[in-house]
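K.L.:
Residues -18 to -1, 1 to 901 (mature numbering (1 follows the signal peptide of the UniProt record, and there is no 0)) make up the sequence shown, in order. The beta-carbon is built from N, C-alpha and C at its ideal position, and this holds for glycine as well.
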Amino acid sequence: MRLAIFLLIFCICEYALGVDPTNFKTCEQSSFCRRSRKIQPGNSKFALVPGSMNTYSNSITADLINKDTHHLYVLKLEALVNNKFRLLIDEKTPLKPRYKVEHVLIGEPQSETLTVVKEDKSEIVLQSGSNKAVLFADPFRVDFYENEVLVVSANAKGLMNFEHLRPKPQTNSDGNPPEEEGGEAANAIPQTPEDSDPGAWEENFKSHHDSKPYGPEAIALDFSFPEAEVLFGIPEHADSFILKSTSGSDPYRLYNLDVFEYIIDSKMALYGSIPVLYGHGPKRTAGVYWQNAAETWVDIYLTEQNVVSSIVKLVSGSNKVDPPAAHFMSESGIIDAFILLGPKPMDTFKQYTALTGVAPLPQMFALAYHQCRWNYNDAKDVETVSANFDHYDIPMDIMWLDIEYTDGKKYFTWDQFKFPEPLSMIKNLTDLGRHLVIIIDPHIKRDGGYFFHNDCTENGYYVKTRDGKDYEGWCWPGSASYPDFFRQDVRDYYANQYLLSNFKTVTNDVMFWNDMNEPSVFNGPEVTMPKDMVHYGDWEHRDVHNLYGHMHIMGTFEGILRRDPKQRPFILTRAHFSGSQRYAAIWTGDNMADWGHLQHSIKMCLSEAVAGFSFCGADVGGFFGNPDAELFERWYQTGAFLPFFRSHAHIDTKRREPWLYPEKTRLVIRDAIRKRYSYLPLWYTMFYEHEMDGSPVIRPLLTHYPKDKEGYAIDNQLLLQDRILVRPVMQQGVSKVDVYFPALDEKRTVGDLWYDVDTFQKYDRVGRETIQVNDYKIPVYQRGGSIVPKKERIRRASTLMKNDPYTLIVCLDRKGKAEGTLYLDDEKSYDYRQGKFIHVNYSFDGGKLTNNFIKPPNYETKAWIERIVIAGLDRQPKSATITINGVTDKLDVSPFEKAFVIRKPGVAISKDFEIKLNY
């Protein structure tokens, strides 16, 4: 008991003091990273075995040999539809099977025809449509071409590594191999770098010991991007959107960890790991998805252009520059790499989501504003907070409860003193159109009076130690064990706990938050589970670590579906991997109430969005610390334009509901939240279209302005699709900020028109423009040529706005044209997947606004169009006429700011119409 109290006090103190980087490994302290990084470029030891190729309709296989150890590997190269290849390399005859990632792809990728064009001793040329792969024999390399342009090259730097499984060497008491007769060392094999590495067979970090029963088994491969000028991707890191060179520093690390008050501008690992990376230049974009769930480090190689290098190239007469490259290094598993050939940025993003899936359309309420802290004290506190949002006329859809709602940190229970009648509390919220979200973490309290623990113990559901015992670690409940979610029966048991027949104190409208699922283990190495723990299938935790949270939320998602198959689940998760976007939203974790962390919320969510995870946000206000009024205001204004919009705070912070600040701050926050609610039709449409085609909801500038090199590194702005440009104010005490208007061409001579969303002032320029701001104002612009749907009757919750009328904001391009879409359905069920929705495209051309249903409307709605605002007209119309079903009526047109408004056209969303301006 004393140990439990000590550990919990220690962890709470650690949370208060901030992250200690020495609690987490550097590459030099990680033996496999250290070994992989010591490989020298330009001298690859791997080669194709002559005559070993086998051909199939969509793939080839061939043997690879390590020329130093003579160990054999088998390579498979497969052509996939939509400009993709898959490269797999495994040991040909391993001592035991090596782990292959499961539960991530949405299915077996669809293959494409692959033809052998050339085969000789030096190279093999393979053709798939307009794409080509060239395999070079010795040294081994694979070049990938899109339409005859080389866009990705694997092992061009010669950094490939594949440590084969082997018996543990026998040693004498002096540490040397025993000798056989004649003086030869027993089990003599060619020496490899891992043989002399002290961490190859066992490794220590601080007080923790990793037994490494299978010895060294690292894999590594480098990828070069000849057409690229920048690299981006591989979230999650609190760093810039564009990846930095790792020369002279640690590589970027992908290893799901509980890191509180994390350091910004850092390559340290955080809560999620998505091993997809993109290379982008003005003519081409390509990517690599490295499918591996073990600890992974990624070195980034960038060419430094400076005066000295320019002189050297001039003197030598050489224009050759090494292209940007990435070196992936993983502790175990196999090489399983998907090559994404683009050629445009959006093509590569969609190629990745075609493999790992998309976020399903959430319920409308999930896109609205969420109110949370650790913790709301009791049911009365929840009721009071909800009532105050109404009192101060601030919209709010969801109240959240952190771990203190439970009975002693036992999940699927309630504290009977603080929350004696949870069903009544829930009903009070839902009667107001609101929802409740509660937390369910994966650490299970080891308590003989707790049904969940007893069931897991009796059925052997916990993760095991090497000797077959239940693994025991420490987390918020004290002594805890962790369900092995890699077992189907464990996920089934866990999912069934969400049934109302089991969890009787919630309703179908209560949703869930999965935290601490890296997994977080307070007394574990690097605050997580030891790598030599054992999961289902006899796989070590080292093989699957980055997948643990993914498997957890799979079980939660299934549980909510079993509870109510008709209702779309909402889950928030902290740990995530490739494919986790199919189940949950994410947030950027335990950030701080400072301006730097506010700035990084944009950078981090942009990196997640291009890696398939659009549904991202950050704790508004900062989890740790007490934001002053200015920071709090600016954070709300920023958070209102990120997909997931939630305020959250640590238990030791001051209460920070908006009305606890001065009136001026409360009104600024109210304005920001109300603006979010006005744009909910756009957010809902964007998420539906994301589910349809995999395009990110929020996007970096390079997505739509790929030729503008000045815009590549802009990560203090974001796009909502291609319709809205947002530049939040994220600096203290400023009255003006620079906004970057991107160019459409490489010479940066022309860009789009942009309209201020508040005044409709038009901006026709490229480059940086200084914009005045005030307490209420942040720069937000609608692109000329777009139409944006809004709702301007703001209510206490989004669920009460369902049948409210729409406003269409029409911003014209230089040709006087614009178009945009609107999507609506019942905002809750899966009926939309049976076609019960309205998806309409609006188009303005030649002074006429018309609609075109993308599919015939199959949903009954009372919603109608209340206003149409048109910006960019060169003169004022005298009037307008609307035609519906052959009947024409006259409409008034009046000035509105720097635009014109058509009031009450009165046409139902489900009706065809034409509105014509009259001059």
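Can you tell me whether ALA220 is helix, strand or coil according to DSSP?
P.N.:
Here residue 220 refers to the residue found at position 238 of the sequence shown. Here ALA220 sits in coil by DSSP.
K.L.:
Can you tell me whether PHE207 is helix, strand or coil according to DSSP?
P.N.:
Working through the sequence shown from its first residue, we reach residue 207 at position 225. DSSP places PHE207 in coil when its eight states are reduced to three.
K.L.:
If we ignore side chains and look at the alpha-carbon of each, how far apart do VAL739 and LYS898 end up?
P.N.:
Reading the sequence shown from its first residue, position 757 is the one you call residue 739. Reading the sequence shown from its first residue, position 916 is the one you call residue 898. Spanning the two alpha carbons is a distance of roughly 24 Å.
K.L.:
What is the DSSP secondary structure of PRO640, reduced to helix, strand or coil?
P.N.:
In the sequence shown, counting from the first residue as 1, residue 640 sits at position 658. If DSSP states are grouped into helix, strand and coil, PRO640 belongs with the helices.
K.L.:
Expressed to the nearest angstrom, what Euclidean distance is found between the alpha-carbon atoms of PHE467 and HIS534?
P.N.:
Numbered from its first residue, the sequence shown carries residue 467 at position 485. Numbered from its first residue, the sequence shown carries residue 534 at position 552. So the two alpha carbons sit approximately 6 Å from each other.
K.L.:
Applying the criterion that 16 or more other CB atoms from any shown protein chain within 10 Å of the CB defines a buried residue, is HIS686 buried or exposed?
P.N.:
Taking the first residue of the sequence shown as position 1, residue 686 is located at position 704. That one is buried.
K.L.:
Whose C-beta lies closer than 7 Å to the C-beta of GLY339 among residues of the same chain, with five residues either side of it excluded?
P.N.:
For this step, residue 339 is matched to residue 357 along the sequence shown. ILE88, GLY561, GLN563 and ARG564.
K.L.:
Since TYR812 contacts ARG550 with CB under 8 Å, what's their CB separation in whole angstroms?
P.N.:
Taking the sequence shown and counting its residues from 1, one reaches residue 812 at position 830. Taking the sequence shown and counting its residues from 1, one reaches residue 550 at position 568. Right, their Cβ atoms sit about 6 Å apart.
K.L.:
Report the residue from GLU73, VAL83, VAL133 and LYS58 whose alpha carbon sits nearest the alpha carbon of LEU96.
P.N.:
Working through the sequence shown from its first residue, we reach residue 96 at position 114. Measuring from the Cα of LEU96, the nearest candidate turns out to be LYS58.
K.L.:
Which complete beta strand (DSSP E) runs does the segment 535 to 589 hold, if anything under 3 residues is left out?
P.N.:
Counting whole runs of 3 or more residues, the segment 535 to 589 contains the beta strand (DSSP E) stretches 553 to 555 and 567 to 569.
K.L.:
If you run the structure through DSSP and keep just helix, strand and coil, what is CYS438?
P.N.:
Translated into positions along the sequence shown, residue 438 becomes position 456. In this structure, CYS438 counts as helix in the three-state DSSP scheme.
K.L.:
For a minimum of 4 consecutive residues, which ranges assigned as the alpha helix (DSSP H) are wholly contained in the segment 289 to 365?
P.N.:
Here the runs fully enclosed are 289 to 298 and 327 to 338.
K.L.:
Sorted by chain position, which residues of the same chain lie with C-beta nearer than 8 Å to ASP45's C-beta, five sequence neighbours on each side aside?
P.N.:
Walking along the sequence shown from the start, residue 45 turns up at place 63. Cβ within range, chain order: LEU30, VAL31, SER34, LEU54, TYR55, VAL56, LEU57 and LYS74.
K.L.:
What three-state label does DSSP hand PRO404 in the structure shown?
P.N.:
In the sequence shown, counting from the first residue as 1, residue 404 sits at position 422. In this structure, PRO404 counts as helix in the three-state DSSP scheme.
K.L.:
Three-state secondary structure (DSSP) at GLU166?
P.N.:
Numbered from 1 along the sequence shown, position 184 holds the residue referred to as residue 166. Its pLDDT being 46, under 50, GLU166 is placed unreliably in this model, and the value from its coordinates should be taken loosely. DSSP places GLU166 in coil when its eight states are reduced to three.
K.L.:
If GLY215 and VAL592 are in contact, beta carbons under 8 Å, what's the gap, nearest whole angstrom?
P.N.:
Walking along the sequence shown from the start, residue 215 turns up at place 233. Walking along the sequence shown from the start, residue 592 turns up at place 610. Contact holds; Cβ gap of about 6 Å.
K.L.:
Rounded to a whole number of angstroms, what is the C-alpha to C-alpha distance between TRP382 and TYR358?
P.N.:
The residue you call residue 382 lines up with position 400 of the sequence shown. The residue you call residue 358 lines up with position 376 of the sequence shown. Going by the C-alpha atoms only, they are around 8 Å apart.
K.L.:
State the CB to CB distance for the pair THR803 and THR667, rounded to an integer number of angstroms; the pair is presumed to be in contact (CB under 8 Å).
P.N.:
Indexing the sequence shown from 1 puts residue 803 at position 821. Indexing the sequence shown from 1 puts residue 667 at position 685. With 8 Å as the limit, THR803 and THR667 qualify as a contact, their Cβ atoms being about 6 Å apart.
K.L.:
Between the Cα of PHE669 and those of LEU613, PHE597, ALA611 and ALA695, spot the shortest distance and give me the residue it belongs to.
P.N.:
To locate residue 669, count along the sequence shown from 1; it is residue 687. Comparing Cα positions, the closest option is PHE597.
K.L.:
Using DSSP with H/G/I as helix, E/B as strand and the rest coil, what is TRP665?
P.N.:
Taking the sequence shown and counting its residues from 1, one reaches residue 665 at position 683. The answer is helix: DSSP assigns TRP665 an H, G or I state.
K.L.:
What does the alpha-carbon distance come out to for the pair LEU70 and ILE201?
P.N.:
Position 88 of the sequence shown, counted from the start, is the residue given in the question as residue 70. Position 219 of the sequence shown, counted from the start, is the residue given in the question as residue 201. Cα to Cα, the separation comes out at about 12 Å.
K.L.:
Mark PRO663 as exposed unless 16 or more other C-beta atoms lie within 10 angstroms of its C-beta, in which case mark it buried.
P.N.:
Numbered from 1 along the sequence shown, position 681 holds the residue referred to as residue 663. Per the 10 Å Cβ criterion, buried.
K.L.:
Looking only at its chain, what residues have a beta carbon closer than 8 Å to the beta carbon of VAL445, apart from the 5 residues adjacent to it on each side?
P.N.:
Taking the first residue of the sequence shown as 1, we reach residue 445 at position 463. Excluding residues within five positions, the ones whose Cβ falls inside 8 Å are ASP452, TYR453, SER463, TYR464, PRO465, ASP466, MET511, MET515, VAL516, HIS517 and HIS523.
K.L.:
Do PHE187 and PRO507 have their CB atoms nearer than 8 Å?
P.N.:
As a working note, residue 187 is residue 205 in the sequence shown. As a working note, residue 507 is residue 525 in the sequence shown. Closer than 8 Å, so yes.
K.L.:
Helix, strand or coil for GLN152? Go by DSSP, reduced to three states.
P.N.:
Working through the sequence shown from its first residue, we reach residue 152 at position 170. Coil, per DSSP.
K.L.:
Rounded C-beta distance between PHE595 and ILE256? I'm assuming under 8 Å.
P.N.:
As a position in the sequence shown, residue 595 is number 613, starting the count at 1. As a position in the sequence shown, residue 256 is number 274, starting the count at 1. The pair is a contact, with the Cβ atoms about 7 Å apart (cut-off 8 Å).
K.L.:
Buried or exposed: where does GLY390 fall if 16 or more other Cβ atoms within 10 Å of its Cβ makes it buried?
P.N.:
For the purposes of this step, residue 390 is taken as the residue at position 408 of the sequence shown. Exposed is the call here.
K.L.:
Once DSSP output is grouped into helix, strand and coil, what is the label at THR647?
P.N.:
In the sequence shown, the residue the question calls residue 647 occupies position 665. Helix.
K.L.:
Leaving out five residues on either side along the sequence, give the residues of the same chain with a beta carbon under 8 Å from the beta carbon of SER892.
P.N.:
In the sequence shown, counting from the first residue as 1, residue 892 sits at position 910. Closer than 8 Å at the Cβ level, and outside the excluded window around SER892, lie ILE820, PRO839, TYR841, GLU842 and THR843.
K.L.:
For LEU411, does the three-state DSSP call read helix, strand or coil?
P.N.:
Position 429 of the sequence shown, counted from the start, is the residue given in the question as residue 411. In the structure shown, LEU411 sits in a helix (DSSP, three-state: H, G or I).
K.L.:
Find the nearest neighbour of residue 958 within the set SER229, PHE485, ALA182 and GLY854, judged by alpha-carbon distance.
P.N.:
Any answer about residue 958 is impossible in this case: the structure gives the chain only from -18 up to 901.
K.L.:
Should the segment 206 to 215 be regarded as contacting the segment 131 to 144, the criterion being three or more beta carbon pairs within less than 8 Å?
P.N.:
Judged by Cβ distances under 8 Å, the segment 206 to 215 makes contact with the segment 131 to 144, as three or more pairs qualify.
K.L.:
For ILE385 and THR37, what's the separation of their Cα atoms in angstroms?
P.N.:
Taking the first residue of the sequence shown as position 1, residue 385 is located at position 403. Taking the first residue of the sequence shown as position 1, residue 37 is located at position 55. Distance between the alpha carbons of ILE385 and THR37: 56 Å.
K.L.:
Please list the terminal residues of the continuous alpha helix (DSSP H) segment that includes GLN619.
P.N.:
Counted from its first residue, the sequence shown places residue 619 at position 637. Here the alpha helix (DSSP H) through GLN619 covers 611 to 621.
K.L.:
Can we say the segment 572 to 579 touches the segment 600 to 608, given the rule of at least three CB pairs closer than 8 Å?
P.N.:
These segments touch.
K.L.:
Hey, could you find the ends of the alpha helix (DSSP H) CYS15 is sitting in?
P.N.:
Residue 15 sits at position 33 when you count from the first residue of the sequence shown. That run of the alpha helix (DSSP H) goes 13 to 19.
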